[in-house]
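Worksheet: the structure to be examined is printed underneath.
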Amino acid sequence: MTDVVSELAVKQIEHHAEEFVVRLDVPVGPSDPQTSVTVLGAKNQGHCAVQAALALAENQPTFPEANLQVRVWKMVGRTRELVFDRSMQPGSFSAVMTEFARQDELRAIPPLSPEAASRREAFGGPFDTDHAFIVATARAASSGN
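Numbering (this note's numbering), first residue to last: -9 to 135.
This is the structure in structure tokens:
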């Protein structure tokens, strides 16, 4: 799991005034670290699921093994906490988002451990998406590193 690290990604999230912010990343290709990004505000957990579904309807994956990544931040006091971070196949999207919408309690997702962050940095990280990390790992494996 990752949190966003790029300045652009942080600005996209901070731009929204709603209680929740949903970010959907759809990979553009199996060996391309880039993703098509949609960031939307939401009023509550159910609205997060609807916003994510609308974003996915407008931005379908172009290859069958694409893993979508959905993250949700909740406003807690004056800061945003990451409360949901899942990579999933498009076929499980509906069930996963329905489960999220029904959760009674949302807990903050802690940042990566120093060891996990170090492993990602060894592959060129930090990364804004799990997909980018997977691509970097595959490239390193194919080059013999």
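Just so you know, even glycine gets a beta-carbon here, dropped at the ideal spot from N, CA and C.
Bear in mind that the values here come from a model prediction, so they are computed numbers and not experimental data.
Please report how far the alpha carbon of residue i lies from the alpha carbon of residue j, in whole angstroms.
{"i": "G114", "j": "K33", "result": "36 Å"}
{"i": "M87", "j": "A39", "result": "5 Å"}
{"i": "E(-1)", "j": "S21", "result": "Residue -1 is actually Ala in this sequence, not Glu. In a straight line, the C-alpha of A(-1) is about 21 Å away from that of S21."}
{"i": "E55", "j": "P80", "result": "9 Å"}
{"i": "R129", "j": "N49", "result": "26 Å"}
{"i": "F10", "j": "T69", "result": "11 Å"}
{"i": "E(-3)", "j": "R13", "result": "15 Å"}
{"i": "A122", "j": "P23", "result": "4 Å"}
{"i": "G31", "j": "G134", "result": "42 Å"}
{"i": "Q59", "j": "L102", "result": "16 Å"}
Using the DSSP secondary-structure output, state which residues sit across from residue i in a beta bridge.
{"i": "E71", "result": "K64"}
{"i": "G31", "result": "V11"}
{"i": "P17", "result": "T25"}
Determine the closest residue to residue i out of the options, with distance taken between C-alpha atoms.
{"i": "E105", "options": "F90, L72, P116 and R92", "result": "P116"}
{"i": "M78", "options": "N57, P101 and A98", "result": "N57"}
{"i": "I124", "options": "H5, T25 and I3", "result": "T25"}
Given that a residue counts as buried once 16 or more other Cβ atoms are within 10 Å of its Cβ, and exposed if not, what is residue i?
{"i": "R110", "result": "buried"}
{"i": "P100", "result": "exposed"}
{"i": "R61", "result": "buried"}
{"i": "V(-6)", "result": "buried"}
{"i": "K64", "result": "buried"}
* Whole alpha helix (DSSP H) runs in the region 76 to 104 with 4 or more residues, listed along the chain? -> 83 to 92
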